[in-house]
Amino acid sequence: MGGLIPGGWRFIPFLYAVLLVLMGFVLWFGTPQKDKRPGQGRPFLDMLKPLRYVRVWRFSLYYVVVFGAYVALSAWLPKYYVDVFGLPLHEAALLTALFIFPASLLRPVGGYLSDRFGARRIMYWTFGIILLASGVLMMPEGHIVLYTKQGTKEVMQFTMSVGLFTLLVFLIGVGMGIGKAAVYKHIPTYFPQDVGAVGGLVGMLGALGGFFLPPLFAYAQAWTGLPQMTFFVLFLLAAISFLWMHLTVLKLLQQEAQHLKNDFELKGDRPC
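Written out as structure tokens, the structure is:
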């Protein structure tokens, strides 16, 4: 946007400041004056006790995938477009916006879907979309040589066009936008008395991913010489999160099945 407005990038901080002031007025006049304060009177260290639960760290890892990686890719993608596809910087920035918009604007949609279908189901879809798209994006360009029984040789080329790349990155943005709301949907269910504290911790730990992921992207590219390793890092994070979530779900289902079995056996001992 800075390249389209007189004054260049210097206009962006001014615009951001104006938006902050406007949002401050909206919050001041549009929200209840008396907030519920479940943490009032509690010591600060007591509000950090949820960190003892593995569930908080698991939610934080989810948030690294859907928010930390979003922050990292927002800064990384313009350079990727320039280095890999040779696009001018202003075109790279505009194409990056096709990732940023769905990753930001679809959060309310993610909240609606989580309310209607359940946060866990939405997280399955979120990780599925991210794994599928990043799994294709992490494939390096090249060719595969196939030899047939007749002695002929077939060469299969694989190249990633700008259009396909942008579409897959857009899908990742859709998954991240929806997934951010689904992660936070879990918090009041499991921590009804610590919604603010746990939400802040999950947000903080997830946002730290936006700080650490760009160096990981750079190291992965330096070690392999392949810029596509950016998406291998994302794929790996999403795969770990998906497996952790799925194993937890299986454990919960197993516990529930045992509970139902015991309940059924107890009822079976009763006279009809």
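Each residue of the sequence shown is one higher than the one before, starting from 11 at the first, in my numbering. Cβ coordinates follow ideal geometry from the N, Cα and C atoms, glycine included.
| query | result |
| --- | --- |
| Taking the straight line between their C-alpha atoms, what separation do you get for LEU181 and PRO60? | 33 Å |
| Can you tell me whether LYS163 is helix, strand or coil according to DSSP? | strand |
| Thinking PHE111 and LEU147 are a contact (beta carbons under 8 Å), I'd like their distance in whole angstroms, please. | That belief does not hold up - the Cβ atoms of PHE111 and LEU147 are roughly 19 Å apart, past 8 Å. |
| Identify, in the order they occur along the chain, each residue of the same chain with its Cβ nearer than 7 Å to the Cβ of GLU266, setting aside the five sequence neighbours on each side. | none |
| With distances taken from CA atoms, which of GLY189, ALA82, GLY183 and ARG117 is nearest ARG131? | GLY189 |
| Which residue wins for smallest C-alpha separation from ALA79, given the options HIS256, PRO225, GLY235 and LEU236? | PRO225 |
| My output table needs one value for ARG52: the three-state DSSP class, helix, strand or coil. | coil |
| Can you check which of these residues, LEU262, LEU263 and TRP254, is closest to TYR283 by C-alpha distance? | Since the first and last residues shown for the chain are 11 and 282, residue 283 lies out of range. |
| Measure the CB-CB distance between VAL74 and LEU247 and report whether it falls below 8 Å. | yes |
| Please classify ILE197 as buried or exposed, where buried requires at least 16 other C-beta atoms within 10 Å of its C-beta. | buried |
| By the 10 Å Cβ neighbour count, where 16 or more other Cβ atoms means buried, how is ILE22 classified, buried or exposed? | exposed |
| Output the boundary residues of the alpha helix (DSSP H) element that contains LEU226. | 205-234 |
| Can you tell me where the alpha helix (DSSP H) with VAL59 in it begins and where it stops? | Here residue 59 is Lys; the residue named in the question, Val, does not match the sequence. Unbroken run through LYS59: none, as it is neither H nor E. |
| State buried or exposed for PHE222, treating a residue as buried only when at least 16 other CB atoms are found within 10 Å of its CB. | exposed |
| Is GLN238 helix, strand or coil when you go by DSSP? | coil |
| Check whether the Cβ atoms of LEU215 and SER70 lie closer than 8 Å to each other. | yes |
| From which residue to which residue does the alpha helix (DSSP H) around PRO150 run? | It is not in any alpha helix (DSSP H) - PRO150 carries neither H nor E in the DSSP assignment. |
| Smallest Cα separation from PRO118: which of GLN231, TRP38 and VAL193? | VAL193 |
| Would you list, in sequence order, the uninterrupted alpha helix (DSSP H) runs of no fewer than 4 residues that lie entirely inside the segment 96-130? | 99-115 and 117-127 |
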